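Q: Before we start, here is the structure in question, set down as C-alpha cells.
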Amino acid sequence: MKKSIASAPGKVILFGEHFIVYGGKAILSSINKRITVETQSSNSDKIEVSSDLGAINVSKSEPVQNINPIFRPVIHVAQKILKQFNSNSGLKITIRSEIPAGVGLGSSSACCVAAASSISGLFANYSKEKVLQLAIEAEKTIFENVSGADSTVCTYGGIIEYSRDGKIKKLDFVPKFQLVIADSKIMHSTSQVVSKVKKFKDDNPQVFSTLGDKEASLIEETLLALKKNDLNTVGAKMKQNQAHLEKIGVSNDLLGVMLDAVNDVAYGAKLTGAGDGGCIIALVDDTNLDRTIVALRSKNYECFAAQIDTSGVEQKMEGAS
Ligand code: PMV
C-alpha cells in the first residue's frame, strides 16, 4: 500500500513577541525538530489518526466541531482532501513528533503543515503555497484569529520577518548560529498572557508605547546584525528584548534564574513566545554550545540544541501503489 510521508519543522520566536500584537514586527526561526505525518488509504470509511497524544477514529462526514480539538485540524484536512478528490476510501494517519507540545515551539502549526502535505500528497502534488493555505485553514478550526506566522515558517523553513498586517518576508540569508532551548515546564496559556499584556498596556499607555518604539528599533538593528552574522550584537539585542518583556510582566522568577544560568556563557538569551512559563532560548555557536548545555543541565533544567531548519515542509511517497 502506498504511503505519503511529510514532515515539517517547529519554530521559535527570536524577537518581537507581544509587541507584534500591537503592530510591531517579529522574527521567527524554524528549528530542526520535526513532526512527521504518514498517510495511507484504507478500506474502511473512517479516518483514523494516532499520535503520542492519543488516537481517534471518526466517520468521514463527522462535523469537525464535534471532534476533540487535538485532532480537529488533521480531521479537517483529511475530510477536505477526500471530498476534493471524490475519494471513497478511508485514511489511516500516523503522527510522530520530536517537538515538545504546548510550550510555544510551534508543534500544532508544524502538525497542520505536515498533515496538509502528507494527506494531499496521496492524491496530488501540492505546492508549498497550497499546503500553507490548507494548514492555516485547519488551524482556524481551533483558533479563528491565528496569524499564520507559525505555519509560514514551518512551511518554508529558515527565518521570517513577520508583521501584524500580514506581511511575511523570508530572509534571503541563513545566519550561522545555534540555539539552546530549555523548557521551564511551567504550562502557560498564550491567550491569558496576551490579555495580561493588554491590561498592562491599558494601565500604562505611555510606558508601553515607548517600549514598543524601542522594540521596533531593536528589531531593525537585529536584522542588520543577523545579515553580518554578528552574534555578539544579536545576543545583546536578545538581552534587551528580554528586558522589554520583563517590563511588560511576562517573565517570571524561574525564567529569570534560567536566563542567569546561561547569560555569561551564551551570546544572549531570552524567553520565547508568550512567556509566563514555556521556554527560553540561548544564542550559541560551536564555541559555547557545550558550555551552555552544561550550565543548564548542572542545574537540572532540561534543554536541547537546535539549528535553523532550512528546508521547511518535505514530502515523499513510499511503497507500491
Ligand atoms: O506562545 P507562542 O509561541 O505561540 O507565541 C505567542 C506570541 C504572541 O506574540 C504572544 C501572541 C501572538 O499572537 O503573536
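So the sequence shown is numbered by the numbering used here: it starts at 1014 and just counts up by one.
We put the CB at the ideal spot given by N, CA and C, even for glycine.
These figures come from a predicted structure and were not determined experimentally.
Among Val-1220, Gly-1117, Phe-1213, Asn-1254, which one has its Cα closest to the Cα of Glu-1233?
A: Asn-1254
Q: For Lys-1105, which residues in the same chain have their Cβ closer than 6 Å to its Cβ, ignoring the five residues on either side in sequence?
A: Closer than 6 Å at Cβ, skipping near neighbours: Gln-1053, Ser-1055, Glu-1061.
Q: Could you pull out every residue in the same chain whose Cβ sits closer than 6 Å to the Cβ of Ala-1199, ignoring the five residues on either side in sequence?
A: First, the amino acid is wrong: residue 1199 is Ile here, not Ala. Within the same chain, Ile-1199 has close Cβ partners Gly-1290.
Q: Which of the three DSSP states is assigned to Glu-1061 in this structure?
A: strand
Q: Quick check on Arg-1047: buried or exposed, where buried means 16 or more other Cβ atoms within 10 Å of its Cβ?
A: buried
Q: Output the distance between the C-alpha atoms of Ala-1068 and Ala-1127, rounded to the nearest integer angstrom.
A: Each residue's Cα considered, the two are about 17 Å apart.
Q: How about Thr-1203: is its Cβ closer than 6 Å to a heavy atom in ligand 1?
A: Under cutoff, so the answer is yes.
Q: Go to Asn-1254, then tell me how far its alpha helix (DSSP H) extends in each direction, as first and last residue.
A: 1244 to 1260
Q: Is the Cβ-Cβ distance between Ile-1294 and Ile-1194 less than 7 Å?
A: yes
Q: Looking only at C-alpha atoms, which of Lys-1283, Lys-1189, Asp-1266, Phe-1221 sits nearest to Lys-1240?
A: Lys-1189
Q: Leaving out the 5 sequence neighbours to the left and right, which residues in its chain are closer than 7 Å to Met-1251 when beta-carbon positions are compared?
A: Gly-1281, Ala-1282, Lys-1283, Leu-1296
Q: Mark Asn-1301 as exposed unless 16 or more other C-beta atoms lie within 10 angstroms of its C-beta, in which case mark it buried.
A: buried
Q: Just the C-alpha distance for Ile-1108 and Ile-1018, rounded to the nearest angstrom, thanks.
A: 10 Å
Q: Would you kindly check if the distance between the Cβ of Gly-1286 and the Cβ of Ile-1026 is under 7 Å?
A: In terms of Cβ geometry, Ile-1026 and Gly-1286 form a close pair [threshold 7 Å].
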